[in-house]
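Comments concern the structure below.
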Amino acid sequence: MLMFSSRFLVSFFPPSLFSVTFSKACHTNTMKTVFVTVGTTSFDDLIGTVTSDESVKVLIHRGYTDMVLQVGRGSVVPDPDSCPGLTLQVFRFKDSIAEDMRHSDLVISHAGAGSCLEALGANKPLLVVVNDKLMDNHQLELAKQLQADSHLIYCTCSTLPQTLRDMDLSALSTYVPGQPQTFANFLDKAVGLV
Numbered sequence: 007m008l009m010f011s012s013r014f015l016v017s018f019f020p021p022s023l024f025s026v027t028f029s030k031a032c033h034t035n036t037m038k039t040v041f042v043t044v045g046t047t048s049f050d051d052l053i054g055t056v057t058s059d060e061s062v063k064v065l066i067h068r069g070y071t072d073m074v075l076q077v078g079r080g081s082v083v084p085d086p087d088s089c090p091g092l093t094l095q096v097f098r099f100k101d102s103i104a105e106d107m108r109h110s111d112l113v114i115s116h117a118g119a120g121s122c123l124e125a126l127g128a129n130k131p132l133l134v135v136v137n138d139k140l141m142d143n144h145q146l147e148l149a150k151q152l153q154a155d156s157h158l159i160y161c162t163c164s165t166l167p168q169t170l171r172d173m174d175l176s177a178l179s180t181y182v183p184g185q186p187q188t189f190a191n192f193l194d195k196a197v198g199l200v
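Residue numbers (the working numbering): 7 to 200.
Laid out in structure tokens, this is it:
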């Protein structure tokens, strides 16, 4: 049996002559990764909730095998063995988390605008956890709007396990960047500058 790489086929045959569809059954790698980020701040409640027994069981049930945690300045730093059934990696900061996002199947993030836009720009399913302990919480307004537009799902720490259980990631639509002024105007309005 002759085997050809897709690169060979594309260079040898014009793309209009054939199409190739890959299904999940074609993948030999069945590992699924969830990437959790709190940005440059601390959000110990999120880290504690996502690594709780209840959340870990739900993630495993949904097929996730790996969890990467970016814990920022937080005081909660789980041990690598603290989530039985998941391979856990933990770090505080990196120059860039783009690679972690690119290799993830789900991003769970705090509701900071930068983290949300980075995950949406990477075209990853995004679950935003709003810190309901913040005063004048403009993050909630941002999360509500982006959920209303079907770009993400949001919840709080208290509802995270149930949201993980019930979420339908297939209902999310791709965020199309390109109108930064519209987004900036929305943020200005959300934080009361306009």
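Ideal placement from N, C-alpha and C gives every residue a C-beta, glycine not left out.
Quick caveat, the model's predicted, so the values are computed rather than measured.
*Can you have a look at glutamine 76 and say buried or exposed, based on whether 16 or more other CB atoms are within 10 angstroms of its CB?*
Buried.
*What number of angstroms, rounded off, separates the C-alpha of serine 61 from the C-alpha of leucine 175?*
If you take the alpha carbons of serine 61 and leucine 175, they lie about 17 Å apart.
*Is the Cβ-Cβ distance between glycine 78 and aspartate 50 less than 7 Å?*
No, Cβ-Cβ distance for glycine 78 and aspartate 50 is not below 7 Å.
*Once you ignore the five residues that flank leucine 126 on each side, which residues in its own chain have a CB closer than 8 Å to its CB?*
For leucine 126, same chain residues with a beta-carbon under 8 Å away, outside a window of 5 residues either side, are Leu132, Leu152, His157, Leu158, Tyr181 and Pro183 in chain order.
_Beta-bridge partners of methionine 73, as assigned by DSSP_ = DSSP lists Val40 and Leu94 as partners of methionine 73.
_Measuring straight from C-alpha to C-alpha, what distance separates aspartate 138 and threonine 46?_
In a straight line, the C-alpha of aspartate 138 is about 18 Å away from that of threonine 46.
*Rank Lys38, Val64, Lys150 and Glu147 by C-alpha distance to the C-alpha of threonine 169 and give the top, closest one.*
Taking only the C-alpha atoms, the option nearest threonine 169 is Val64.
_Here's a check: name, in chain order, each residue in its chain whose Cβ is nearer than 7 Å to the Cβ of threonine 57, leaving out the five neighbours to either side._
When the five nearest sequence neighbours on each side are left out, the beta carbons in the same chain lying within less than 7 Å of the beta carbon of threonine 57 are those of Pro84, Ser88 and Cys89, in order along the chain.
_Contacting residues, own chain, Cβ-Cβ under 8 Å from serine 179 (five flanking each side not counted)_ = Excluding residues within five positions, the ones whose Cβ falls inside 8 Å are Asp155, Ser156 and His157.
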